Structure formats: structure tokens, C-alpha cells
Amino acid sequence: MDKTANQMIRKTAARVLRLEGQAVVDMAENLPADFEAAVAAILEVEGRVILSGIGKSGHIARKISSTLASTGTPSAFVHPAEASHGDLGMVMPGDLVILISNSGETAELGDIVAHVARFSIPMIGISRNNQSTLMQAADWRLTLPPASEACIIGMAPTTSTTLTLALGDALAVSVMERRGFLPEHFRTFHPGGKLGAQLSKVAQLMHGVEELPLVHPGSAMGDTLIEMSEKSFGIAGVVEDHKLVGVISDGDLRRNMDGLMERKAGDVATNSPRSIGPDMLAAEAMAVMSEHKITALFVVDDSDRPVGLLHLHDCLRAGIA
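Take the position in the sequence shown, starting the count at 1, then add 27; the result is the number in the working numbering.
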């Protein structure tokens with residue numbers, strides 16, 4: 028494409044982003060009146076939060092359901108067509124239903140609306156049409172603000188889907204914060220992938236006590252070198268009265284090459300070494316290594332007794348970078 032075509036593309040992209048971004052900002056300044064009540068209703072649910080929608084609204088509903096489930100709120104997506112052929116049995120008393128329809132008149136949602144009414148299952152409606160059939164049936168109405176679609180014909184769901192997704196995120200995060208959801212809870216629901224790796228604790232990755240290269244201040248350097256070689260971490264911890272009092276690294280060996288074999292471990296070690304606790308996030312421990320240009324850290328308990336060792340390679344293998 029020529030330069031003029033590229034400029035037109037960038038101009039279109041910028042217009043879409045500005046339009047949709049401004050719509051989200053406008054909604055933030057004028058949240059739906061039932062928003063707080065909807066958050067409270069979700070917090071009180073004893074069963075699951077069931078989401079449904081068709082077409083683009085269905086895709087958004089799936090994403091909101093996934094976000095709720097991954098942040099501590101049991102949730103599931105039920106396809107409207109499948110609901111009409113048996114899956115209504117997945118929607119039970121004790122659940123809460125969130126139905127999404129831009130127009131509020133989606134015929135495929137009719138069986139779910141009738142089902143929740145029959146069994147007095149609470150329902151949140153999300154639509155731009157507050158007077159629609161869906162919103163009139165809802166216990167709580169999250170009405171989307173009027174906004175122009177971003178496409179040139181003004182018909183393809185663009186701004187409206189962005190608003191719905193953003194509103195769903197606002198719901199999920201509000202519920203998450205009210206629950207007191209913490210990083211360790213997030214780790215429970217994200218054991219795999221980079222997100223889970225970033226929330227791994229040192230205790231989950233460290234080498235145990237039986238693998239630690241440990242010597243005493245009076246240990247001969249010959250014995251110390253053997254210990255370092257056998258344990259293969261490129262480091263040795265110096266312990267006295269069961270406490271970590273020093274560390275010998277490859278750098279310490281290089282700095283003390285003259286007469287090294289006539290020295291004791293305590294003479295070569297770096298005193299008051301850096302160490303970490305088992306409850307620290309491994310990502311934070313890796314940052315300490317990077318900052319101080321070291322490749323391993325001893326893990327100590329509250330009494331400075333070594334309980335493990337974390338190597339840079341352990342973090343990299345776990346996907347922390």
C-alpha cells in the first residue's frame with residue numbers, strides 16, 4: 028500500500044479508538060443506577076453466576092463468565108440455543124443469571140427468561156434498551172449509555188460490545204475487591220502459564236535442605252570446593268549455630284585465589300549475605316538476583332536458618348522472566 032493508504036488506515040484506527048475510548052469514559056462517569064445493587068447480588072449468590080447471550084453478546088458473556096470464575100466467583104456460560112434443548116437444567120435455584128442483549132429483544136433468550144421467572148432465580152439484564160422485554164424482566168438493569176457504533180455504516184457491533192465488555196470487567200473487579208481476592212487466590216485459579224508462574228512462591232520452586240551446599244566457618248577450602256562441586260549451584264552457605272552467616276560464590280573464590288587452599292571458609296565468605304524468605308514471590312526473588320547480579324539466593328526462616336536455595340535457572344524453568 029502507498030503512503031496515502033497507510034495514512035487513511037491510521038486515521039480510521041485512531042477514530043475508532045477515540046470513539047470507543049470516549050464511550051467507556053462517559054460510562055465511567057455515569058454508571059448504571061443498579062450497578063452497586065448488581066455487585067451486591069453477585070456477592071450474595073450461593074450457587075453460580077450464569078451468563079448467556081447470542082452472537083457478539085454471547086462472546087462477551089463467555090468472557091465475563093471466564094473473568095468471574097478466575098477471580099473467585101463460580102460462573103458458567105449457557106448458550107441460549109442449548110438452553111432450549113436441555114441445558115436449562117444447568118440454571119438452578121441459588122444461581123444468579125446475567126443476560127446480555129444489545130437490543131433487549133433477542134428471541135433466543137426467551138426460554139431462559141421464562142425459566143428464571145418460573146423458579147424465582149434472580150436476573151441481571153445488560154442492554155442499551157431500558158424499555159426492552161429483557162430489561163423489564165430483570166431484577167437489576169445495567170443499561171448501556173447511547174453511543175454510536177465505530178464502523179462507517181454504524182451497524183456492526185463495535186462500540187456497544189466494547190462498552191459491554193468494559194462493564195463486565197467493572198462488575199468482576201468490583202466483586203473481586205469486595206471479596207478481598209488476593210494474589211495467592213489468583214494463583215489457585217491460574218496454576219499454568221505466565222500468570223501462574225509470576226505468582227509462584229519461593230517455597231514452591233526452591234531446593235530443599237538436603238540439597239544445600241553448607242559448610243562451617245572453620246571448614247577447609249578443599250572441603251568447601253568439594254561441597255560446591257557436588258551440589259552444583261556455584262555457591263556455598265556458611266553456617267554457624269545453625270544460622271546462615273556467610274556465602275561463598277565463584278566471585279569470592281576468584282578474589283581469594285592467592286593461597287586459597289590454605290584459607291578457611293570463614294576467611295573467604297561474604298558476611299551478612301543476602302537471603303530471602305520462603306513466602307516471597309519467586310518473581311520478586313528473581314528481581315533481587317537481577318539487581319545484585321547474582322544467580323542464587325539462600326532461603327532462610329525467621330531465625331536465619333537456611334531452609335532452601337533458589338537458583339535463577341529454577342525461575343526461568345518455571346516461566347518467570
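For every residue, glycine included, the Cβ atom is placed at its ideal position computed from N, Cα and C. These numbers come from a predicted model, not from an experiment.
M119 and S147 have their C-alpha atoms spaced approximately 10 Å apart.
If you draw a 10 Å sphere on the C-beta of S130, you find fewer than 16 other C-beta atoms in it, and that means exposed.
Going by DSSP, G137 is part of the alpha helix (DSSP H) stretching over 137-145.
With a cut-off of 8 Å on Cβ pairs, the segment 160-168 is in contact with the segment 137-152, counting three or more such pairs. Scanning C342, Q34, V334, V43 for the CA closest to the CA of I180 turns up V43. Here H319 carries a helix assignment [DSSP, helix/strand/coil]. For M150, the enclosing beta strand (DSSP E) begins and ends at 150-154. Below 8 Å, too few C-beta pairs join the segment 191-204 and the segment 289-304 to call them touching: fewer than three. Excluding sequence positions up to five before and after L95, its CB lies within less than 6 Å of the CB of V76, S102, A199, all in the same chain and listed in chain order. Taking the Cα positions, F260 is about 7 Å away from H338. With a threshold of 16 other beta carbon atoms within 10 Å, S256 falls short and is exposed. For R301, the number of other beta carbons within 10 angstroms of its own is below 16, and it is reported as exposed. A buried status is given to R168, since no fewer than 16 other beta-carbon atoms sit within 10 Å of its beta-carbon. Rounded to the nearest angstrom, the gap between the Cα atoms of G273 and D331 is 11 Å. The three-state reading of DSSP puts A165 in coil, since its state is none of H, G, I, E or B.
S227 and L308 have their C-alpha atoms spaced approximately 6 Å apart. Excluding its 5 nearest sequence neighbours in each direction, V105 has C-beta neighbours in its own chain below 6 Å: I77, S79, D114, M117, listed in chain order. Boundaries of the alpha helix (DSSP H) around E109: 107-110.
Within the same chain, Cβ atoms closer than 6 Å to the Cβ of T189 are found at E47, the five residues on either side in sequence being excluded. Per DSSP, I77 is one residue of the beta strand (DSSP E) stretching across 76-79.
For E238, the closest C-alpha among the options L336, I125, R89 is that of L336.
Annotated three-state conformation of N298 is strand, per DSSP.
The C-beta distance from A296 to I321 rounds to 14 Å, too long to meet the 8 Å contact threshold.
Of all alpha-carbon atoms in I69, E73, G82, K38, the one lying nearest the alpha-carbon of C178 is that of K38. By the Cβ neighbour-count rule, A40 is exposed, with fewer than 16 other Cβ atoms within 10 Å of its own. Burial check for E176: the Cβ neighbour count within 10 Å reaches 16 or more, so the residue is buried. Residue pairing from DSSP places V242 in a beta bridge opposite V265. If you draw a straight line from the Cα of D277 to the Cα of M233, it is about 20 Å long. Straight across, the Cα-Cα distance linking G286 with A247 is about 12 Å. Linking V326 to T170 through their CA atoms gives a straight-line distance of about 53 Å.
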